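Residue numbers (the working numbering), protein chains in the order written: chain A, 1 to 444; chain B, 1001 to 1202; chain C, 2001 to 2316. Yeah, the Cβ is synthetic: ideal placement off N, Cα and C, and Gly gets one too. Quick caveat, the model's predicted, so the values are computed rather than measured.
See below:
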């Protein structure tokens, strides 16, 4: 059933291009959904027959979150995560759409692989899984993958990335940027110059990496690639997107590029906003991530940039790992942290509760702008009659203490264990159907 | 040497309650008598080696050696220290202490008559450890034991050959030995009344 | 005393003094005919070496055996544990056998600290990646003190590849805790990131100029660190001869050192690259205490085993 009546919710709306007739922001209203679309907004006295009711008094209704950066591990590492478990985690986290990165095994570098992901995601039906296409074959950074075929496939791939790896060769990056222009594609670059930060680099290069004897990952290894890529974007007239920005230096480059009208967008993860390099002192691999956690100065620059829009979106880089891939010496352990289920709580607590951002800003960064960047027209839409009902109900006052043992993900590499945040997802709605309610995921 | 005595550093104030059982002149007389006994039993000073058990046994051994040399009018008697920390059987029950040095005189102990010297004989475990330690260092012809005070309550079949004073005590009592060299002030042996004995007896 | 010895920072000055005092006694024991002490009888020590090291491993093995502990050697490949088995899995099997101590050498920094969180045994760091080597720092301090006496106010220079040296990281802590003043010397490419802040915070000096340190602030001891040939191919400095000219303890440098401080000593944790970071002359000169460092290692390790394992159980 894709009919639903939401009552008593506070509506946070911001103008999204193409939507007219919206209620005023901050208003409390009932919202009736029919056949997956918003049918009515206002005071609805009685629920029509057979329509489920969702009471949302004191809660806020937002467009559902869109994640530009998730790792679902299927195919290849179904022991760490599957499309089903990842979608469940997404629904629990308030996401109605997630972009599934291509570094699976085999990689998503063909139309067939992309369609397989799309179909599987639809069958599971807990979130819209949009496959990301690899930029190069096998993510090897040498030959272009079948970008056009992926774009023409049923998966309609528009967002491409070799994430996990950097497209290191400037010529390959240039060719890819040019090639994508006819179908308006965008490349999300994992910016890491392998000659400055090699495969073993695992800790921000600084005092802590020096003391701990861990191979350093200098900030310049990221900003140098970002600088190169924005120049390539300008030169080719293409769009480039910077994945998981982690340094103040990269923020400076992005700001400069935007001021010069270059088509660059950027995302930041909740962990790079909230967690710092000093957490690595205990050598706990749960804090090992690529790019690494950075010092306070970088975290502050990232928060400012997210607040002022230099960084367009929050993306989780949800990276599940089986226990035996994490429980190694720090250098040998796998990179990555879980993020789907905690993203909203962290960003809300850190940025909105502190006053650095408004709720409307959060909606832009976690829903409207990621949807726009990814070209997902059914998501990130304002709450207006006729729009698809991809929504999330959140409780801005509820305090949440993270328990790593409780998760919809198959993995447990959760850096937030034991931390408390104010702000929780109450219900997630995908085309009018509740996919998660009060912490429980509802399979169809 | 009791556990309590081992942990009390040199110069630690004496418990004002309790009674003196040996004054400085009495201690001196005991040592002199022991020196004579050692010479009598050994029929002279030949092959004698005195090994003091740290802490206070060391000073006693040194004084005894000097007295023996004086009485017998012979050259210096070989004297050394025998630290038994690594051979104790109760290590697990207390915090670890750095062992003190074991100093064996130049002539060694093989074929010698070793006289172990300690201040207080109680359970006998210290002496058992000393015998073990000695076995690792060589093979004396004979081993004898001289103590200033024997307070009874043996837990092992160990006896002293030369005793300054027999002192029946209860477990609750603490025997306190202070020596001029090690502690400063006057030689004295006291029994402190009523205080609990810490840890296991030596 | 601490339950684990993962870093030199786990030991207070009092702890270090106790260990060095015990090491002196242990050194005596080594000279006897019966070298065994019954002290750790009934204890089981596993030497789990993920990285090869004949010298350190046999040092720990003999140390354990001379204390009458049951000592077992295990080796495992470094980071490539078999598929599906993590580092945690490797050590938990051992942990299930209720051993008393794990002496671990690993090629990755922090491995010992992680293992300590997964086992009940005491964990002793025998060298983890480029992080620390606490027993090396203790034996360096022991050897140095035996030669020059108390270290308070003494100046020690540590020269060489600091970035990749666990000997440096541990020594800088232990020497400071004993009151010594430390200057570290290396070319910029071999100084760890954040060196400036680190040195300021921990109170040691840094320099790129070995001659300046030798001439203007003559140290009482010079500790030369091994330079691996891979560092040249890694682009850290151009050639071996350029390194030697800039940072090697050459014959002229040794002469100038001894001219200013005749009692100065030369140290090296070994193995040496004679002719690269240290000239053969310097290694064999009267100022060198390098061989003493080797023999001191056994006594120090016996002392460490004693202090960590013999006494009552302390809180982790």
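Review point. Closer than 7 Å, Cβ to any Cβ of chain C: which residues of the segment 1110–1132 of chain B, in chain order?
Key: 1132
Practice item. Closer than 7 Å by C-beta to residue 228 (chain A): which residues in its own chain qualify, once you throw out the five before and the five after it? Chain order, please. Key: 170
Point to revise | Any C-beta of chain A under 8 Å from that of residue 2085 (chain C) | key: yes
**Study point:** Endpoints, beta strand (DSSP E) assigned at residue 327 (chain A)
**Key:** Note, residue 327 (chain A): premise wrong, no beta strand (DSSP E); not H, not E.
Review point. Interface residues of chain B around residue 2021 (chain C) at Cβ under 7 Å?
Key: 1098
**Study point:** contact_flag[the segment 288–300 of chain A, the segment 236–254 of chain A] where n(CB pairs < 8 Å) is 3 or more
**Key:** yes
Review point. In the segment 2134–2164 of chain C, which residues sit with their C-beta less than 7 Å from some C-beta in chain A, listed in chain order?
Key: none
Review point. So, is the C-beta of residue 2079 (chain C) closer than 8 Å to a C-beta in chain A?
Key: Caution is warranted here: a pLDDT of 39 is assigned to residue 2079 (chain C), below 50, making its placement in the model unreliable, and the coordinate value is therefore given only provisionally. Judged by the 8 Å Cβ criterion, residue 2079 (chain C) is in contact with chain A.
Exercise for review: Compare the C-alpha of residue 2026 (chain C) against each of C:2251, C:2005, C:2046, C:2064 and name the closest.
Suggested key: C:2064
Exercise for review: Examine the Cβ distances between the segment 195–205 of chain A and the segment 214–228 of chain A and report whether three or more of them are shorter than 8 Å.
Suggested key: yes
Practice item. Locate the beta strand (DSSP E) running through residue 2281 (chain C), then write down its first and last residues. Key: No beta strand (DSSP E) holds residue 2281 (chain C); the alpha helix (DSSP H) holding it covers 2280–2284.
Practice item. Compare the C-beta of residue 2037 (chain C) against all C-beta atoms of chain B and say whether one is closer than 8 Å. Key: yes
Check your understanding: Where do the N-terminal and C-terminal ends of the beta strand (DSSP E) with residue 396 (chain A) fall, by residue?
Key -> 391–401
**Study point:** Own chain, CB closer than 8 Å to residue 1200 (chain B), minus 5 neighbours either side, in chain order
**Key:** Annotation note: pLDDT 36 at residue 1200 (chain B) (below 50); position unreliable, coordinate value reported separately. Answer for residue 1200 (chain B): 1003, 1090, 1093, 1123, 1125, listed in chain order.
**Study point:** Test item: CB-CB of residue 134 (chain A) and residue 90 (chain A) under 8 Å
**Key:** no
Practice item. Please report the Cβ distance between residue 2006 (chain C) and residue 2123 (chain C), rounded to the nearest whole angstrom; I am assuming they are in contact, meaning their Cβ atoms lie under 8 Å. Key: 6 Å
Practice item. Report buried or exposed for residue 406 (chain A), applying the criterion of at least 16 other Cβ atoms within 10 angstroms of its Cβ. Key: exposed
Exercise for review: Indicate the three-state DSSP secondary structure (helix, strand or coil) for residue 416 (chain A) in the structure shown.
Suggested key: coil
Check your understanding: Nearest chain A C-beta to residue 2183 (chain C) closer than 8 Å, yes or no?
Key -> no
Review point. What does a CB cutoff of less than 6 Å around residue 1080 (chain B) pick up in its chain, not counting 5 residues either side in sequence?
Key: 1051, 1103, 1104, 1105
Check your understanding: How about residue 39 (chain A) and residue 435 (chain A): do their beta carbons lie closer than 8 Å?
Key -> no
Practice item. Give the DSSP-derived three-state secondary structure of residue 73 (chain A) in the structure shown. Key: coil
**Study point:** Contact set for residue 2294 (chain C): own chain, Cβ-Cβ below 8 Å, skip 5 residues either direction
**Key:** 2055, 2270
Exercise for review: Starting from residue 1166 (chain B), follow its DSSP beta bridges and name the residues at the other end.
Suggested key: B:1150
Point to revise | Contact with chain B by residue 2311 (chain C), beta-carbon distance below 8 Å | key: yes
Practice item. For residue 1136 (chain B), collect the residues of the same chain with a Cβ closer than 7 Å to its Cβ; drop the 5 residues on either side in sequence, then sort them by chain order. Key: none
Point to revise | Buried versus exposed, by CB contacts within 10 Å (16 or more), residue 300 (chain A) | key: exposed
Exercise for review: Return the residue from the list C:2155, C:2226, C:2249 that minimises the CA-CA distance to residue 1982 (chain C).
Suggested key: Since the first residue of chain C shown is 2001 and the last is 2316, residue 1982 (chain C) is not available in this structure.
Point to revise | Any non-hydrogen atom of the ligand GDP closer than 7 Å to residue 1190 (chain B) Cβ | key: By its list of ligands, the structure shown contains no ligand whatsoever, and the ligand GDP lies outside what it can speak to.
Review point. So, are the CB atoms of residue 2226 (chain C) and residue 2191 (chain C) less than 8 Å apart?
Key: no
Review point. When the Cα atoms are used, what is the spatial distance from residue 2043 (chain C) to residue 1119 (chain B)?
Key: 32 Å
Exercise for review: Assess, as a yes-or-no matter, whether the segment 2196–2212 of chain C is touched by the segment 2159–2177 of chain C under the definition of 3 or more beta carbon pairs within less than 8 Å.
Suggested key: yes
Check your understanding: Going along the segment 2197–2221 of chain C in order, which residues come within less than 7 Å of chain A, judged by CB to CB distance?
Key -> 2197, 2198
Check your understanding: How would you call residue 1043 (chain B), buried or exposed, if buried means at least 16 neighbouring beta carbons within 10 angstroms?
Key -> exposed
Point to revise | Anticipated Cβ contact below 8 Å, residue 1121 (chain B) with residue 1150 (chain B), distance rounded | key: 5 Å
Exercise for review: Could you tell me whether the Cβ atoms of residue 1142 (chain B) and residue 1084 (chain B) are closer together than 8 Å?
Suggested key: no
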